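J.: Using the working numbering, the letters of the sequence shown correspond one by one to residues 1 to 171. So that we are looking at the same thing, I have put the structure below in structure tokens.
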Amino acid sequence: MPFLDTVSEIRKRMDHAVEAPTFTSAVTYRDPKAALDWLASAFGFEVTMAIEGPPDAPEMCHYEMSSAGHGRVMIGAEWSELVRSPEHVGGANTQSVHVHLAEDVDAHCDRARAAGARVVAEPSDQFYGDRTYQALDLEGHRWVFAQTVRTVSREEAEAALGQPITATDWP
Numbered sequence: 001m002p003f004l005d006t007v008s009e010i011r012k013r014m015d016h017a018v019e020a021p022t023f024t025s026a027v028t029y030r031d032p033k034a035a036l037d038w039l040a041s042a043f044g045f046e047v048t049m050a051i052e053g054p055p056d057a058p059e060m061c062h063y064e065m066s067s068a069g070h071g072r073v074m075i076g077a078e079w080s081e082l083v084r085s086p087e088h089v090g091g092a093n094t095q096s097v098h099v100h101l102a103e104d105v106d107a108h109c110d111r112a113r114a115a116g117a118r119v120v121a122e123p124s125d126q127f128y129g130d131r132t133y134q135a136l137d138l139e140g141h142r143w144v145f146a147q148t149v150r151t152v153s154r155e156e157a158e159a160a161l162g163q164p165i166t167a168t169d170w171p
């Protein structure tokens, strides 16, 4: 059975307690097992699925983590020239992973920094009502953490931004 079919079959049999989002990010690491430990220590994520790659292809592993039982991020290994960690490609990123926290984004930032995260944007209040910070993980993936600290109307946000906002839904 191909690896991806295996993941699909396992997921069908699991009693998945993690909220299943429509979109899921996947991040690639040179050393995904080290990443699991680091992400748990720095960001407080929990492993919700672990599938080791077969002995003849250990890079075909698949892991999933969540934040306080919400959301899902997939963690995997480099497995081709097109699937690489930022560390392997000079630190380049084509995406960032955004995580919304229920509380205390400042303490979260302190925890991440203490675990070795490189904080590239300190916690600050945003015009749309969130307080955010940005950090790079052990291999250079960009993570953005946010906490809603106040409710902002679309009109208030547009005034702060100085231009209209087109959105089908506003918080």
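Don't be surprised by glycine CBs; every beta carbon is placed ideally from N, CA and C. Since the model is a prediction, treat every value here as computed from it, not as a measurement.
For the putative contact between Val27 and Val73, defined by C-beta atoms under 8 Å, what is the C-beta separation to the nearest angstrom?
T.: The residue you call residue 27 lines up with position 27 of the sequence shown. The residue you call residue 73 lines up with position 73 of the sequence shown. Val73 and Val27 do touch by the CB rule: their CB atoms are close to 6 Å apart, below 8 Å.
J.: Rank Glu81, Pro171, Val144 by C-alpha distance to the C-alpha of Ala157 and give the top, closest one.
T.: For the purposes of this step, residue 157 is taken as residue 157 along the sequence shown, with counting starting at 1. The residue with the shortest Cα to Cα distance from Ala157 is Pro171.
J.: Quick check on the burial criterion: 16 or more other C-beta atoms within 10 angstroms. Buried or exposed for Leu101?
T.: Your numbering for residue 101 matches position 101 in the sequence shown. Label assigned to Leu101: buried.
J.: Terminal residues of the continuous alpha helix (DSSP H) containing Pro58?
T.: For the purposes of this step, residue 58 is identified with residue 58 of the sequence shown, where counting begins at 1. No alpha helix (DSSP H) holds Pro58; DSSP gives it neither H nor E.
J.: Going by DSSP, what residue range makes up the alpha helix (DSSP H) through Leu161?
T.: Stepping through the sequence shown from its first residue, residue 161 is reached at position 161. Unbroken alpha helix (DSSP H) run through Leu161: 154-161.
J.: Roughly how many angstroms separate the alpha carbons of Ala114 and Val144, rounded to a whole number?
T.: As a position in the sequence shown, residue 114 is number 114, starting the count at 1. As a position in the sequence shown, residue 144 is number 144, starting the count at 1. Inter-residue distance for Ala114 and Val144 is about 17 Å (C-alpha atoms, whole angstroms).
J.: Between the C-alpha atoms of Gly162 and Ser96, what's the straight-line distance to the nearest angstrom?
T.: Reading the sequence shown from its first residue, position 162 is the one you call residue 162. Reading the sequence shown from its first residue, position 96 is the one you call residue 96. Each residue's alpha carbon lies about 26 Å from the other.
J.: Using DSSP bridges, identify the partner residues of Ser67.
T.: Reading the sequence shown from its first residue, position 67 is the one you call residue 67. Bridge partners of Ser67: His70.
J.: Closest Cβ-Cβ distance between Gln134 and chain D: below 8 Å?
T.: In the displayed structure, chain D is absent; only one protein chain is listed.
J.: On the criterion of 16 or more Cβ atoms from any shown chain inside 10 Å, does Phe23 qualify as buried, or is it exposed?
T.: Here residue 23 is taken as the residue at index 23 of the sequence shown, counted from 1. That one is exposed.
J.: CA-CA distance, His98 and Asp110?
T.: Here residue 98 refers to the residue found at position 98 when the sequence shown is read from its first residue. Here residue 110 refers to the residue found at position 110 when the sequence shown is read from its first residue. So the two alpha carbons sit approximately 17 Å from each other.
J.: Hey, Glu87 and Arg30: beta-carbon distance below 8 Å or not?
T.: Counting from one through the sequence shown, the residue named residue 87 turns up at place 87. Counting from one through the sequence shown, the residue named residue 30 turns up at place 30. Yes.
J.: Only counting runs of 3 or more residues, tell me where the beta strand (DSSP E) segments fall wholly within the stretch 63-129, in order along the chain.
T.: 70-77, 96-100, 118-125
J.: Looking only at its own chain, which residues have a Cβ that is under 7 Å from the Cβ of Glu59, when we skip the five neighbours before and after it?
T.: Position 59 of the sequence shown holds residue 59. Once the five neighbours on either side are set aside, the close Cβ partners of Glu59 are Gly53, Ala77, Glu78, Trp79.
J.: From His108, Ala117, Gly44, Leu82, pick the residue whose C-alpha is nearest to that of His70; which is it?
T.: Position 70 of the sequence shown holds residue 70. The shortest Cα separation from His70 among His108, Ala117, Gly44, Leu82 belongs to Gly44.
J.: Count the other CB atoms within 10 Å of the CB of Glu81; is the residue buried (16 or more) or exposed (fewer)?
T.: In the sequence shown, counting from the first residue as 1, residue 81 sits at position 81. Classification of Glu81: exposed, given that the 10 Å Cβ count is below 16.
J.: Can you check which of these residues, Val152, Gln147, Ser66, is closest to His108 by C-alpha distance?
T.: The sequence position of residue 108 within the sequence shown is 108, counting from 1. Considering only alpha carbons, the answer is Gln147.
J.: Which residues mark the beginning and the end of the beta strand (DSSP E) in which Phe145 is found?
T.: Within the sequence shown, the letter at position 145 stands for residue 145. Taken as a continuous stretch (DSSP letters only), the beta strand (DSSP E) holding Phe145 covers 142-148.
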